[in-house]
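A quick write-up on the structure given underneath.
Below, the structure is given as structure tokens:
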């Protein structure tokens, strides 16, 4: 029933965006995108339904819930509100959109780790279809392809000629945003998987290192943009900047810094989270460790173990 009502809502909002685009509030879509609109609202519905169905002792804590909902809300805000309009008229705001889609929102969703909750709230056929699809595509969660896809889904669109074409073509623009989101989800769900090996395919150190080392090619690209004295992205000059007082090079510098600093902070946070998860897993394993007969236990005073 909830899915049917959301479909009706999507039809109503889509119709309003076609008939009354200039009279809609800021939080309505600037360009209605049915897959994104339904994806965000269906995720919220399945989360709410799953939280009601799952046993109280298995429900995620408040911090995880807050991160997850913030990630979903971030995706919706940058793609299905009038923020999308301003992101097409300033390069630095476009980078806010891209960093949200490829870094911040997937990072928050991965921290939330709501797979069990969503599976409990989604229809059975959706869960089965998702599991079958993931069984075929699971090889993409290896650190090498996941990293390559992640970098390609962000850096490819920053090539000036490619970016110019994407901003002029609505279909290519949608592909740019969706690929950025999917690449980010694939990467961060692999890196921030809270489970130990073998439930997760790789150990904590491998995943933490992957999440940290990907920062360096990102720095190379974003610093080149931020420090360039040439206007690499003339689209924003041609379409008219939202803030004319901000020059092309200053706009570009701000965009490069947004692409540089916040992602670097999240990469460092991923390393810390991974190392802390390793520490907690080892501490938990020590609780259940039974030394063999005759074994000698030595305590390391400086670590307390």
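In the numbering used here, the protein residues as written are 42 to 346. Backbone N, C-alpha and C fix where the C-beta goes; we use that ideal spot for every residue, glycine too. Note that the structure is predicted; figures quoted are calculated from it, not measured.
Same chain, Cβ closer than 8 Å to residue i, neighbours up to 5 away in sequence not counted
i	result
residue 255	188, 191, 192, 228 and 308
residue 207	198, 213, 214, 216 and 217
residue 35	Beyond the ends of the chain as shown, which are 42 and 346, falls residue 35; an answer cannot be given.
residue 221	139, 142, 143, 194, 195 and 198
residue 125	70, 71, 72, 119 and 138
residue 127	134 and 283
Cβ neighbours of residue i in the same chain (closer than 7 Å, five flanking residues each side left out)
i	result
residue 55	73 and 75
residue 136	296, 299 and 300
residue 249	311, 312, 315 and 316
residue 251	184, 188 and 232
residue 201	273 and 274
Residue i - DSSP class collapsed to helix/strand/coil
i	result
residue 234	coil
residue 350	This structure does not reach residue 350, given that the chain is present from 42 up to 346, and the question cannot be answered.
residue 147	helix
residue 204	helix
residue 50	helix
residue 282	coil
residue 318	helix
residue 334	coil
residue 306	helix
residue 42	coil
residue 301	helix
residue 295	helix
Same chain, Cβ closer than 6 Å to residue i, five either side skipped, listed in chain order
i	result
residue 70	58 and 121
residue 241	234
residue 272	289
residue 146	112, 115 and 116
residue 151	229, 230 and 233
residue 205	276
Cutoff 9 Å: residue i Cβ touching any chain D Cβ
i	result
residue 233	No chain D appears in the structure shown, which is made up of a single protein chain.
| Within the chosen definition, does the stretch 191-208 reach the stretch 152-165 through at least 3 CB pairs nearer than 8 Å? | No, because fewer than three Cβ pairs between the stretch 191-208 and the stretch 152-165 fall closer than 8 Å, the two stretches do not touch.
| query | Counting pairs of beta carbons, one from the stretch 131-150 and one from the stretch 110-121, are three or more of them closer than 8 Å? | reply | yes
| field | Three-pair Cβ contact test at 8 Å for the stretch 237-250 versus the stretch 314-322 | value | Touching, per the Cβ criterion.
| field | Contained alpha helix (DSSP H) runs [length at least 4] in the stretch 223-277, N- to C-terminal order | value | 245-254 and 256-268
| task | Please confirm if the stretch 108-117 is in contact with the stretch 78-91, defined as three or more CB-CB distances below 8 Å between the two stretches. | result | yes
| Would you call the stretch 255-270 and the stretch 169-182 in contact, with 3 or more CB pairs under 8 Å? | In short, these stretches do not touch, since the Cβ pair count stays below three.
| said: Suppose only complete runs of 3+ residues qualify. What are the beta strand (DSSP E) ranges in the stretch 73-141, listed by chain order? | reply: none
| task | Just list the alpha helix (DSSP H) runs in the stretch 159-219, keeping only unbroken ones of 4 residues or longer that don't cross its boundaries, in chain order. | result | 165-178, 184-196 and 201-209
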